[in-house]
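A.B. asks:
In the numbering used here, the protein residues as written are 103 to 630.
#1: Could you have a look at residue 606 and say whether DSSP puts it in helix, strand or coil?
#2: Hey, residue 509 and residue 495: beta-carbon distance below 8 angstroms or not?
#3: Could you give the first and the last residue of the continuous beta strand (DSSP E) run that contains residue 245?
#4: Could you check which residue in 228, 470 and 301 has the C-alpha nearest to that of residue 236?
#5: Among all the DSSP beta bridges, which residues are the ones paired with residue 365?
#6: Can you find the residues in the same chain that come closer than 6 angstroms, C-beta to C-beta, to residue 387, ignoring five residues on each side of it along the sequence?
#7: Does residue 129 pass the burial test, meaning 16 or more other C-beta atoms within 10 Å, or should it be called exposed?
#8: Exposed or buried, which one is residue 483 when buried takes at least 16 other CB atoms within 10 Å?
#9: Could you check the C-alpha separation between residue 207 and residue 578 for me, to the nearest Å?
#10: Quick check on the DSSP output: the beta strand (DSSP E) that includes residue 150 runs from which residue to which?
#11: Just tell me which of 261, 239, 238 and 231 has its CA closest to the CA of residue 255.
#12: Could you give the distance in angstroms between the alpha-carbon of residue 122 and the alpha-carbon of residue 520?
#13: Compare the Cα-Cα distances from residue 168 to each of 194, 454, 295 and 426 and report the closest residue.
#14: Round the Cβ separation of residue 526 and residue 535 to the nearest angstrom and send it over; I've been treating them as touching at under 8 angstroms.
#15: Go through its chain and collect everything with a Cβ distance to residue 435's Cβ below 7 angstroms, but skip five positions before and after it.
#16: Quick one, are the C-beta atoms of residue 612 and residue 562 less than 8 angstroms apart?
#17: On the CB-based measure, 16 or more other CB atoms within 10 Å of its CB, does residue 623 come out buried or exposed?
#18: Runs of 3 residues minimum, wholly inside the segment 188-250: which ones carry the beta strand (DSSP E) assignment?
#19: Can the beta-carbon of residue 381 be found closer than 8 angstroms to that of residue 399?
#20: I need the straight-line Cα distance from residue 291 to residue 308, nearest angstrom please.
#21: Under the DSSP definition of a beta bridge, which residues are partnered with residue 624?
#22: Is the segment 423-434 touching the segment 496-505, taking contact as three or more C-beta pairs under 8 angstroms?
#23: Assuming the contact rule is C-beta atoms closer than 8 angstroms, residue 467 and residue 498 should be a hit. Round their C-beta distance to whole Å, please.
#24: What residue range is occupied by the uninterrupted beta strand (DSSP E) comprising residue 567?
#25: If you scan the segment 383-447 from start to end, which runs of the beta strand (DSSP E) of 3 or more residues do you find wholly inside it?
#26: Can you list, in chain order, the residues of its chain whose CB lies under 6 angstroms from that of residue 175, leaving out five sequence neighbours each side?
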């Protein structure tokens, strides 16, 4: 038998499974990768100890350091936006952020400054500030006011002059309707009405919703004209529950006609992927066992197409294999994948260390990590005996591609024209991050297929909990106990939010929130 030299085998292995190489370790914060309009690929992190934002070049050398606050010592800072030309056309970097102080009373403030320290906008009592970018519409700035009522201030760009202030019992959301263009809408929870406004903030329409009696809370999950059906009416998808935690979801149109009612549903989401027909994904939670399940509905006849009793299902469009569904089977430590018709496609074992539990799948693709024919899966585990996290990437034939001790999740960063990267937040005494290089580049076709994915870490936790999305901003969320009681409410618009949960009693809690795009998300975490 012919012997293959070891170095040739090693080269074959690297070419077959791709090269994942550690590029840099950031020991002073959680790193975010961006593409600036003039300066190209950069990385940035928030140095909370100095109230500074540090920016790094593509080769991870320090580029700029910008001081955000000089005249006071805030308890926390959150960055919402960083760009060069989106807020104004000069050559300076603009940064939108919020902070708060506590002198016997917590007081929020939000600002937009440039890299020279010039304050361009200062909004008192604003807990978050959103730079609203919607294709085909002018950029606007929305500031959410932390007050007795829910107030939203809308600012013009680039002048940053105040256009309008909305006040009510919910924040205002900005959308682009398929036929009527730019609109704003606000939920009147007391009267079960959605108020819609034109681009100039004049009243456009009022839509009556159809909830059950004696509800405790009501949340809009989706509002559109043609995403659910192709008539010329607006459809609204929403969730509500009563004091006994009886949940119900409904889709109704602007005439008050109920199109679909789903009992006992925890969340409903209109899943839209370029090139595929829209689906409705309903998520269910059994509060007696804390077990999740899912149903997939077709939006033509609203019939149930698939039932998943093992957990929350995610829909994906893989680069080679097309439309698929997948879920994390924590009991058997497996990734279960299904075809478009919901028949079983693949079941992949996800190895863990002895005693460790499988937490979640954080990435799934066929050509993002390498360009072979294999499916790659990133996932995170936790060992409650040692309080240690671990993140791994394997392919569907069981080959291990990467293992990161103390990794809280693996986030794939894809930016048009640049090589793909992996960003891994690390569990430790202080915030830190790893950046890995990949041999692949995002194509134009793939860019349109990005889905909203979330990392929640560390989970379990006994101090801080971070919620981070891959490609959109989180608008707000609440943390509830297993009995449905809201124990924390976070009103910030940013891609990454860290909240202190050390004051919560040990147990299971739930996060329920919404992104700026209207996507509703639900997640579970444990305080120990």
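Ideal placement from N, C-alpha and C gives every residue a C-beta, glycine not left out.
C.D. replies: Reading it off the structure:
#1: coil
#2: no
#3: 242-248
#4: 301
#5: Residue pairing for residue 365: DSSP places it in a beta bridge opposite 350.
#6: 368 and 394
#7: exposed
#8: buried
#9: Rounded to the nearest whole angstrom, the C-alpha separation of residue 207 and residue 578 is 21 angstroms.
#10: First-last for residue 150: undefined, no H or E at that position.
#11: The residue among 261, 239, 238 and 231 with its C-alpha nearest the C-alpha of residue 255 is 231.
#12: 15 angstroms
#13: 194
#14: 7 angstroms
#15: 451, 452, 454 and 460
#16: no
#17: buried
#18: 196-204, 208-216, 221-226, 228-234 and 242-248
#19: yes
#20: 13 angstroms
#21: 614
#22: no
#23: 11 angstroms between Cβ atoms; not a contact.
#24: Its beta strand (DSSP E) spans residues 566-571.
#25: 393-400, 406-410, 416-420, 424-431 and 436-440
#26: none
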